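**Q** Numbering (the numbering used here), first residue to last: 19 to 332.
We put the beta carbon where it would ideally sit given N, CA and C, even for glycine.
As the structure is a prediction and not an experimental result, all values here were calculated from the model.
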């Protein structure tokens, strides 16, 4: 174990519902971490499969695991339901007891130094508020395929936060699109949010991102609705859909995203409408359309670091 683990503690909170298929793999890879969590709160959000039995066995085997149970509400409630379950986990501990907090899904396979490496990145960059590795799918032949996502935020299945940053942005917004809002809230409040491509940070996602327990197409439509809810413009949504057209299910998934966005618009579904956030988002999206998303993100992060170096940071 590196010296880093002796003076840095992290909390994991994992909302889960009916994850018996993948949960044990996730438990085993967390238990095998070079620096284990000080506490891992797993919130059983009304599971009806073998998830409770797996969690009971895990608690008996690992003293850092704590289970919080929630009443079955009848179905998997994505978006706000996930964050409500996450917040139930947070309420069961004193967040100030930890240096870092991670919202993590229950269908992941982590490399052994994953959390240690994330803490090393945090120590190297005081402006870094939220970080993750990159997500991959494993094919039947054992090869890994990168699930293409931008570098501008920590990946939704494993968002690792500096506690002070997490508290500064007010946590996660309980709505569909929460995992896009938080990265912009970081930059708005003077923090860097990013994901890193590194061999020691390759996370195997046992269920494809952007899919759902219903279907991949349903997940794509939900992603489009999320873009509407987080405040994205139609132009930015269309540019995103064109980019996503090259991900499976090819083209049709992008169409699902566009459909989900405009369906939400026509239905008048509520959006996240905090004024300073929306001003920031509009500037970011227009700059990204004109100059490219990665260049735009790098520019914002350079501005944040320069401000901190001049003594005006968070």
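Can you name the start and end residues of the alpha helix (DSSP H) that residue 99 belongs to?
**A** 98-109
**Q** Look at the alpha carbon of residue 183 and the alpha carbon of residue 189, and state the distance between them as a whole number of angstroms.
**A** 9 Å
**Q** Applying the 10 Å Cβ sphere with the 16-neighbour rule, what's the burial state of residue 126?
**A** With 16 or more Cβ atoms within 10 Å of its Cβ, residue 126 is classed as buried.
**Q** According to DSSP, is residue 30 helix, strand or coil?
**A** strand
**Q** By Cβ distance below 8 Å, which residues in the same chain neighbour residue 201 in space, the five residues on each side in sequence not counted?
**A** 148, 170, 171, 172 and 211
**Q** Do residue 248 and residue 195 come within 8 Å of each other at the CB atom, strictly closer than that value?
**A** yes
**Q** For the beta strand (DSSP E) that residue 301 lies in, which residues bound it at each end?
**A** Taken as a continuous stretch (DSSP letters only), residue 301 belongs to no beta strand (DSSP E), being part of the alpha helix (DSSP H) at 293-309.
**Q** With residue 88 and residue 110 assumed to form a contact (beta carbons below 8 Å), what rounded beta-carbon distance in angstroms separates them?
**A** The pair is not a contact, with the Cβ atoms about 11 Å apart (cut-off 8 Å).
**Q** Report yes if the CB atom of residue 279 is closer than 8 Å to the CB atom of residue 237, and no otherwise.
**A** no
**Q** Around the C-beta of residue 228, are 16 or more other C-beta atoms found within 10 angstroms, so that it is buried, or is it exposed?
**A** In this predicted model, residue 228 has a pLDDT of only 48, less than 50, meaning its place in the structure is not dependable; the value taken from the coordinates is given anyway. Buried, by the Cβ-count rule.
**Q** Tell me the residue span of the beta strand (DSSP E) that contains residue 146.
**A** 146-150
**Q** Please name the residue, chosen from 61, 42 and 50, that lies closest to residue 75 on a Cα-to-Cα basis.
**A** 42
**Q** How big is the Cα-Cα spacing for residue 250 and residue 120?
**A** 26 Å
**Q** With H, G and I counted as helix, E and B as strand and the rest as coil, what does DSSP make of residue 215?
**A** coil
**Q** Which complete alpha helix (DSSP H) runs does the region 251-287 hold, if anything under 4 residues is left out?
**A** 252-262 and 270-285
**Q** Excluding the 5 residues flanking residue 47 on each side, which residues of the same chain have their C-beta closer than 6 Å to its C-beta?
**A** 127 and 128
**Q** Output the distance between the C-alpha atoms of residue 268 and residue 164, rounded to the nearest integer angstrom.
**A** Residue 268 and residue 164: Cα-Cα distance of roughly 15 Å.
**Q** Would you kindly report the start and end of the unbroken alpha helix (DSSP H) that includes residue 234?
**A** Run containing residue 234: 234-247, per the alpha helix (DSSP H) assignment.
**Q** Work out the CA separation of residue 235 and residue 253 for me, nearest whole Å.
**A** 22 Å
**Q** Need the endpoints of the beta strand (DSSP E) that residue 196 sits in, please.
**A** Run containing residue 196: none in the beta strand (DSSP E); it sits in the alpha helix (DSSP H), 196-206.
**Q** For residue 78, count neighbouring C-beta atoms within 10 Å of its own C-beta (all shown protein chains included) and say buried if the count is 16 or more, exposed if not.
**A** exposed
**Q** State the Cα-Cα distance for the pair residue 222 and residue 50, rounded to the nearest angstrom.
**A** So the alpha carbons of these two residues sit roughly 15 Å apart.
**Q** Can you name, in chain order, every residue of its own chain whose Cβ lies under 7 Å from the Cβ of residue 35, other than the five neighbours on each side?
**A** Sequence-distant Cβ neighbours of residue 35 in its own chain, meaning closer than 7 Å and more than five residues away, are 63, 64, 65 and 94.
**Q** Alpha carbon to alpha carbon, how far is residue 187 from residue 26? Give it in angstroms, no decimals.
**A** 21 Å
**Q** Hey, residue 220 and residue 152 are a contact pair by Cβ (cut 8 Å); roughly how many whole angstroms apart?
**A** 6 Å
**Q** Could you compute how far the alpha carbon of residue 312 sits from the alpha carbon of residue 320?
**A** 12 Å
**Q** Which one or two residues does DSSP pair with residue 137 in a beta bridge?
**A** In DSSP, residue 137 forms no bridge with anything.
**Q** On the premise that residue 272 lies in contact with residue 259, defined as a C-beta separation below 8 Å, what is that separation, rounded to the nearest angstrom?
**A** 4 Å
**Q** State the Cα-Cα distance for the pair residue 56 and residue 32, rounded to the nearest angstrom.
**A** C-alpha separation (whole angstroms): 14 Å.
**Q** Hey, out of 191, 263, 224 and 161, whose CA is closest to residue 99's CA?
**A** 191
**Q** Leaving out five residues on either side along the sequence, give the residues of the same chain with a beta carbon under 6 Å from the beta carbon of residue 225.
**A** 125, listed in sequence order.
**Q** Which residues does DSSP pair with residue 318 in a beta bridge?
**A** According to DSSP, residue 318 bridges with nothing at all.
**Q** Output needed for residue 298: all residues of its chain with C-beta closer than 8 Å, excluding positions within five of it in sequence on either side, in chain order.
**A** 202, 205 and 206
**Q** Quick one: Cα of residue 54 to Cα of residue 60, how far?
**A** Rounded to whole angstroms, residue 54 to residue 60 spans 15 Å at the Cα level.
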